[in-house]
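Below: the structure, in structure tokens.
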Amino acid sequence: MPTSLYSLIEMSFPADRSKVAIEVPDRARGRVSWTFAELAGATARAASLFAGLGLRHGDRVAVQAEKSPEALIAYLACLRGGFVFLPMNTAYRTDEVDYLVGNAEPALIICDPAREAETHEIAARHGTAHVLTLDAEGFGSFSEAAAKVRDALPVADCASSDLAAILYTSGTTGKPKGAMLSHGNLAANGIALRDSWRFTEEDVLLHALPIFHAHGLFVACHCALLSGARMIWLSKFDRAEVLRQLPRASTFMGVPTFYTRLLAGEDFNARLVAHMRLFTSGSAPLLAETFEEFRSRTGLAILERYGMTETGMNTSNPYDGERRAGTVGFPLPGVEVRVMGEDGRELPRGEIGGLEVRGPNVFSGYWRMPEKTAEEFAEGGWFRTGDVAMIDADGYVHLVGRAKDLIISGGYNVYPKEIETLIDEMPEVDESAIVGVPHKDFGEAGVAVVVLREGSALDEAALIARLKEKIANYKVPKHAFFVESLPRNTMGKVQKNLLRDRYRDACA
Ligand code: MCA
Ligand code: AMP
Numbered sequence: 285m286p287t288s289l290y291s292l293i294e295m296s297f298p299a300d301r302s303k304v305a306i307e308v309p310d311r312a313r314g315r316v317s318w319t320f321a322e323l324a325g326a327t328a329r330a331a332s333l334f335a336g337l338g339l340r341h342g343d344r345v346a347v348q349a350e351k352s353p354e355a356l357i358a359y360l361a362c363l364r365g366g367f368v369f370l371p372m373n374t375a376y377r378t379d380e381v382d383y384l385v386g387n388a389e390p391a392l393i394i395c396d397p398a399r400e401a402e403t404h405e406i407a408a409r410h411g412t413a414h415v416l417t418l419d420a421e422g423f424g425s426f427s428e429a430a431a432k433v434r435d436a437l438p439v440a441d442c443a444s445s446d447l448a449a450i451l452y453t454s455g456t457t458g459k460p461k462g463a464m465l466s467h468g469n470l471a472a473n474g475i476a477l478r479d480s481w482r483f484t485e486e487d488v489l490l491h492a493l494p495i496f497h498a499h500g501l502f503v504a505c506h507c508a509l510l511s512g513a514r515m516i517w518l519s520k521f522d523r524a525e526v527l528r529q530l531p532r533a534s535t536f537m538g539v540p541t542f543y544t545r546l547l548a549g550e551d552f553n554a555r556l557v558a559h560m561r562l563f564t565s566g567s568a569p570l571l572a573e574t575f576e577e578f579r580s581r582t583g584l585a586i587l588e589r590y591g592m593t594e595t596g597m598n599t600s601n602p603y604d605g606e607r608r609a610g611t612v613g614f615p616l617p618g619v620e621v622r623v624m625g626e627d628g629r630e631l632p633r634g635e636i637g638g639l640e641v642r643g644p645n646v647f648s649g650y651w652r653m654p655e656k657t658a659e660e661f662a663e664g665g666w667f668r669t670g671d672v673a674m675i676d677a678d679g680y681v682h683l684v685g686r687a688k689d690l691i692i693s694g695g696y697n698v699y700p701k702e703i704e705t706l707i708d709e710m711p712e713v714d715e716s717a718i719v720g721v722p723h724k725d726f727g728e729a730g731v732a733v734v735v736l737r738e739g740s741a742l743d744e745a746a747l748i749a750r751l752k753e754k755i756a757n758y759k760v761p762k763h764a765f766f767v768e769s770l771p772r773n774t775m776g777k778v779q780k781n782l783l784r785d786r787y788r789d790a791c792a
């Protein structure tokens with residue numbers, strides 16, 4: 285088996301490469317479909333373009349572009365050429381991009397044409413030599429330059445330990461950390477998912493997730509690419525467009541918000557999805573009531589799985605066999621999980637503790653942060669997920685909480701510390717706390733509880749507007765409450781559980 289993930293992907297293409305690999309039905313202009321042969325050709329040209337710019341093995345390519353097959357081609361070109369792909373959420377504001385670029389030092393940034401000027405400034409500040417553009421319809425200097433390339437270089441030799449991608453994830457303290465994922469990590473996980481979920485060339489995956497995170501980029505694309513399946517590619521989750529395309533698909537992947545939005549109208553029903561083979565859910569807890577409502581409406585059981593940026597997917601409910609609501613199933617082939625007590629000993633089934641995972645899917649560490657990396661691994665290569673779990677008598681893993689101070693909103697992670705730091709820097713503010721509360725659409729959302737300095741004035745609208753200048757909108761708290769003081773325990777720690785209770789109806 286080849287060690288380059290790209291070679292493995294090309295090997296998995298159908299024998300008939302004139303079959304459609306990817307189509308974009310919601311595109312107003314530009315190209316709307318690629319065969320496997322065309323995808324391979326475009327990838328080869330893009331990889332040669334990067335090499336022609338002087339990029340060397342291991343150099344980073346940062347991409348902040350709207351979802352498009354051309355952006356996927358930039359990813360595949362990195363795999364093919366031995367470069368390291370670094371996707372960035374399109375919602376990130378200048379300060380957030382500036383930090384990632386400063387930390388990862390990419391040789392090339394591909395950005396939306398609308399952000400070209402500011403990206404040039406960021407690039408100049410951090411010594412990035414090249415900036416190319418790519419818009420939502422696939423136009424821009426990246427596509428223009430790639431189209432002119434004539435000679436395709438051979439696929440680069442990549443060992444399975446060579447870096448394929450760096451995905452940044454924030455932390456409970458400090459700045460975002462770059463999770464380093466190797467060709468071997470991504471290949472192992474992609475194959476485990478493809479096989480466990482029975483993907484074949486006959487499948488059509490309706491792809492509505494963003495591609496700057498592991499769910500949309502790796503879980504979804506690798507299942508399709510490693511099986512030669514077709515993808516119907518939507519620029520974003522749009523309920524009406526999903527309903528229009530579902531009759532042509534066989535599989536669909538989503539975060540829980542996708543499912544609650546689909547279930548919101550009676551037009552999502554058994555007749556529409558009777559032909560569907562598989563619906564999967566992840567990135568955030570799928571409520572048992574959503575699972576049950578989906579089943580009673582369609583007769584189908586959503587398959588819930590669990591993973592992380594650092595590890596790819598760890599567990600999955602079974603393809604055959606009972607999919608249990610409120611559980612994330614069993615470890616995937618090759619993955620080991622264990623539940624640990626506070627004394628550092630493994631706990632028996634039925635007991636609740638910290639979940640640790642080990643396997644070929646687990647990343648090698650955080651980019652240029654050896655101490656952080658060491659903190660997160662226990663002896664023997666076990667990664668501490670920060671999730672609190674219990675394994676039941678039948679072996680199903682239940683996620684019962686999080687040890688990390690993290691809010692998951694519509695499948696996006698929001699780290700309270702990052703937002704609290706920004707609020708605390710405001711001159712009117714004495715201190716603040718961000719807590720996650722139930723949200724009717726996003727499952728969970730952040731609200732801010734703020735103590736003002738004596739004599740200062742600041743209202744909710746002004747606070748929210750200031751945050752929107754600095755951080756991606758999804759991280760901005762949905763409400764702000766102003767209080768005299770924050771509740772603290774005897775150790776002086778803010779009692780977030782009390783705040784969560786007090787404001788639990790704020791977004792319901
Ligand atoms: C948008 N907004 C949000 C979110 N999305 N606020 C909180 N949480 C969100 N997730 C903001 C918008 O900026 C806007 O703010 C307002 O909410 C309304 O936006 P709306 O138009 O309703 O949003 P949308 O564009 O329809 O997006 C909702 C979405 C999207 C489709 C659910 O958030 C999404 O695609 N989520 C998927 C995330 C994902 O792929 N996660 C995987 C991570 P304003 O009005 O102020 O402008 S990978 C991972 O977690 C691991 C590996 C795993 O296990 O998979
Ligand atoms: P990320 O850092 O974006 O990779 O998010 C990873 C986190 O998402 C995990 O540590 C879990 O807390 C959470 N997560 C992923 N899948 C699920 C799931 N099916 N149920 C509950 N939480 C999940």
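Just so you know, the sequence shown maps onto residues 285 to 792 in my numbering.
For glycine and all other residues, C-beta sits at the position ideal for the given N, C-alpha and C.
Since the model is a prediction, treat every value here as computed from it, not as a measurement.
Coarse secondary structure for residue i, derived from DSSP in three states
i	result
S425	helix
L480	Inspection of the sequence shows that residue 480 is occupied by Ser rather than by Leu. S480: helix per DSSP, three-state reduction.
H410	helix
R528	helix
H267	Here the chain covers residues 285 to 792 and nothing more, so residue 267 does not appear.
R561	coil
H467	helix
D785	helix
G462	strand
S534	coil
L440	As written in the sequence, residue 440 is Ala, which differs from the Leu given in the question. Residue state, collapsed to three classes: coil.
H682	strand
M285	coil
L690	coil
E573	helix
F552	coil
L742	coil
F766	strand
M295	helix
A431	helix
Reference residue i, options the options, closest by Cα
i	options	result
Y787	A732, A746, A745, A326	A732
F423	R311, S466, L782	R311
M560	A513, F542, D487	D487
I636	A609, V684, P602	V684
A448	P371, A764, T535, L556	P371
E715	G605, G679, P771, G474	P771
K780	W481, G720, V713	G720
P617	Y603, E294, P531	Y603
E873	S600, T595, G591, R607	Residue 873 cannot be examined here, being either before or after the span of the chain that is shown, 285 to 792.
I495	L783, E738, F369	F369
L584	A609, M592, E594, Y590	A609
T705	Y696, P353, D676, K759	K759
E485	M775, A677, F765, M295	M295
A413	H404, A420, D419, E421	H404
H467	P460, K461, I475	I475
S427	R434, L418, D435	L418
C507	P531, L470, R532, H682	L470
F483	L509, F578, Y452, R313	L509
D435	S444, A533, G325	G325
Cβ-heavy atom distance, residue i to the ligand SAH, below 6 Å
i	result
P494	Among the ligands modelled here, namely the ligand MCA and the ligand AMP, the ligand SAH does not occur.
Practice prompt. Check whether the region 520-531 touches the region 551-561, counting contact only when three or more Cβ pairs, one atom from each stretch, lie closer than 8 Å.
Written response: yes
Worksheet item: Could you give the uninterrupted runs of the beta strand (DSSP E) lying entirely in the region 693-732, keeping only those of 3 residues or more?
Response: 696-698, 713-723
Worksheet item: Does the region 387-395 come close enough to the region 341-348 that 3 or more CB-CB pairs lie under 8 Å?
Response: yes
Item to complete: Would you be able to state if there are at least three C-beta pairs under 8 Å between the region 674-691 and the region 654-666?
Response: no
Discussion item. Please give the ranges of any beta strand (DSSP E) in the region 354-399, keeping only runs that are unbroken, at least 3 residues long and fully inside the region.
Written reply: 368-371, 392-395
Discussion item. Would you call the region 665-681 in contact with the region 633-640, where contact means no fewer than 3 C-beta pairs closer than 8 Å?
Written reply: yes
Item to complete: Check whether the region 434-441 touches the region 328-338, counting contact only when three or more Cβ pairs, one atom from each stretch, lie closer than 8 Å.
Response: With three or more CB-CB distances shorter than 8 Å, the region 434-441 counts as touching the region 328-338.
Discussion item. Across the region 377-388 and the region 352-363, are there enough close Cβ pairs to call them in contact, namely three or more that are closer than 8 Å?
Written reply: no
Worksheet item: Of all the alpha helix (DSSP H) runs that stay within the bounds of the region 595-666, which reach a length of 4 or more residues?
Response: Runs found: 654-660.
Discussion item. Under 8 Å, with one C-beta from each stretch per pair, do the region 535-547 and the region 484-498 reach the 3-pair mark?
Written reply: yes
Item to complete: Pick out the complete alpha helix (DSSP H) segments inside the region 305-332, 4 residues or longer, and give them in chain order.
Response: Assignment of alpha helix (DSSP H) within the region 305-332, counting only whole runs of 4 or more residues, yields no such run.
Discussion item. Between the region 511-525 and the region 561-570, can you find at least three pairs of beta-carbon atoms closer than 8 Å?
Written reply: no
Practice prompt. Ignoring anything shorter than 4 residues or poking outside the region 495-526, list the alpha helix (DSSP H) runs there in chain order.
Written response: Those alpha helix (DSSP H) runs which fall completely within the region 495-526 and span 4+ residues are 505-509.
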